[in-house]
Structures are given as C-alpha cells and as structure tokens.
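Asker: Sharing a structure, written as structure tokens. Questions coming.
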C-alpha cells in the first residue's frame, strides 16, 4: 500500500488522558498536513510540515496539541488532557512540493472518541 | 482568511441523471480548487481539481467548471451510478508557481449525494 497510512484507526479514551496518533505519508512526499473533521463538517486545517519543519499552525491547535515530524518522514499528533470537544476524525494528508504540484492525498483518518 | 460555501448540503438523484454541486470562495487570491469524495468511515479521496488558468476540466463522467470573476466553481457528474453515492467536498487553496506557499486547503461543508437505483 503506497497511500497515506494512519494509526490507530479508532481511539476511545477517557477525558483527561493523553493520546498520540501516527501518520506515515506517501514516500517522497515532503509536505504533511493534519486536519480535523467533525460530524457534518469539512476538514479543518490544523498544521503543516515541510520536511521536518513545522511551518504553520492553526489557531484551532491549542496548547494541548503538539505535532512532530522528527526526520521528515512520519508524523505524530499528540493531544494532552483530552476533552470531550476533542472528539473528531483526525486526518493526515501529504503532497509533493515539486513542479508546483498541489495534489494532497489523505489517509483514512483516526477517529477519536473522548468519554 | 478564505471562506468556502457549498450547496446543496444534500442531493438525491435517480441513477443515470446528472448531479451538480456548487461552491463559492471569498479570497480572490485562491487559484487551486480540488474536489474530494468521502465515503463513510474513509478519508477524502481526490477526484478532480482545477487551477485558475483554465475554465473547465473533464475526466470521464466528472467535470469541473470555474468562474474566477464570480468566484464560484462547480462539480458536474453525468450518468450517475449508485457507487457515486458519498459526501463530496470542494476546497480552495493558494498555489504559488515555483513553490513557497503552504497549499493548505479550506473546505466547504460537504454535499451528501445519494444516487437511487
């Protein structure tokens, strides 16, 4: 499978716990994005990496959220002290910054439920 | 920032009919407009995109049109099939020739398309 891979697919956690999600982008893709999608809404941009550098963060990304892409390959998104409002689908996407290519390809997402 | 409005929110058609979904955007600097199809429990799948230097693009039964002056773009699906049933999202982004932009996407709220056999 050469697509974007996200793990786990589903996560149920108790309020106040920390959770971490992983995203493996398409190999050779140097751009990586995290989006959040709530029921009945389109995905909303959270943050963006160009290689290992985190270049932009949305104001939706509170201090409890942190994302890393240590070697410019896979990325992790951690949520500390989860709240019920964090329940959503977390989507990862990747794209290739070459020849002005803009196509972004999404993974299957991680559905987080905070109880 | 960019704001994308999408209509209708739900659309039901008979198999074989055409379906049209419309989007408007607010930022005149946006120049890249992809469409995604999302099936239940899956991530969005890119189905077609258009850049602002063209007015129309077609791929088999799917076509997208863009009116830069009015800042709206539309998805047209002809000869619809039950497997076309899904949620469709339009999006807008700014792409700089030569790189440097973040290419982040602003999405509409989606259209639930149901194709009845």
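Chains as they are written, first to last, in my numbering: chain A, 1437 to 1551; chain B, 1118 to 1234. Every residue gets a Cβ at the ideal spot worked out from N, C-alpha and C, and that includes glycine.
Can you find a C-beta in chain C that's less than 9 Å from the C-beta of residue 1206 of chain B?
Answerer: Absence of chain C from the displayed structure is noted, the protein chains being A and B.
Asker: Name the two residues that bound the continuous beta strand (DSSP E) containing residue 1489 of chain A.
Answerer: As a working note, residue 1489 of chain A is residue 53 in the first chain. 1489-1493 is the span of the beta strand (DSSP E), which, as asked, contains residue 1489 of chain A.
Asker: Assuming residue 1478 of chain A and residue 1206 of chain B make a contact with CB atoms under 8 Å, what is their CB distance in whole Å?
Answerer: For the purposes of this step, residue 1478 of chain A is taken as residue 42 along the first chain, with counting starting at 1. For the purposes of this step, residue 1206 of chain B is taken as residue 89 along the second chain, with counting starting at 1. Yes, they are in contact, since the Cβ atoms of residue 1478 of chain A and residue 1206 of chain B sit about 5 Å apart, within 8 Å.
Asker: What separation, rounded to the nearest whole angstrom, lies between the Cα atoms of residue 1440 of chain A and residue 1163 of chain B?
Answerer: Indexing the first chain from 1 puts residue 1440 of chain A at position 4. Indexing the second chain from 1 puts residue 1163 of chain B at position 46. Going by the C-alpha atoms only, they are around 13 Å apart.
Asker: Once you ignore the five residues that flank residue 1519 of chain A on each side, which residues in its own chain have a CB closer than 7 Å to its CB?
Answerer: Counted from its first residue, the first chain places residue 1519 of chain A at position 83. Closer than 7 Å at the Cβ level, and outside the excluded window around residue 1519 of chain A, lie 1451, 1550.
Asker: Would you kindly work out how many angstroms separate the C-alpha atoms of residue 1531 of chain A and residue 1119 of chain B, rounded to a whole number?
Answerer: Within the first chain, residue 1531 of chain A is the residue found at index 95, counting from 1. Within the second chain, residue 1119 of chain B is the residue found at index 2, counting from 1. Near 21 Å, if we compare the C-alpha coordinates of residue 1119 of chain B and residue 1531 of chain A.
Asker: Where do the N-terminal and C-terminal ends of the beta strand (DSSP E) with residue 1457 of chain A fall, by residue?
Answerer: The residue you call residue 1457 of chain A lines up with position 21 of the first chain. Where residue 1457 of chain A is concerned, the enclosing beta strand (DSSP E) stretches over 1455-1460.
Asker: Between residue 1523 of chain A and chain B, is the shortest Cβ-Cβ distance under 9 Å, so that the two count as touching?
Answerer: Residue mapping note: residue 1523 of chain A aligns to position 87 of the first chain, counting from 1. Not one chain B Cβ lies under 9 Å of residue 1523 of chain A.
Asker: Please list, in chain order, the residues of the stretch 1158-1190 of chain B that have any C-beta partner in chain A closer than 9 Å.
Answerer: Those residues of the stretch 1158-1190 of chain B that come within reach of chain A (Cβ to Cβ, closer than 9 Å) are 1158, 1159, 1160, 1161, 1162, 1163, 1166, 1168.
Asker: From residue 1495 of chain A to residue 1480 of chain A, what distance separates their C-alpha atoms?
Answerer: Along the first chain, read from residue 1 onward, the residue named residue 1495 of chain A stands at position 59. Along the first chain, read from residue 1 onward, the residue named residue 1480 of chain A stands at position 44. In a straight line, the C-alpha of residue 1495 of chain A is about 11 Å away from that of residue 1480 of chain A.
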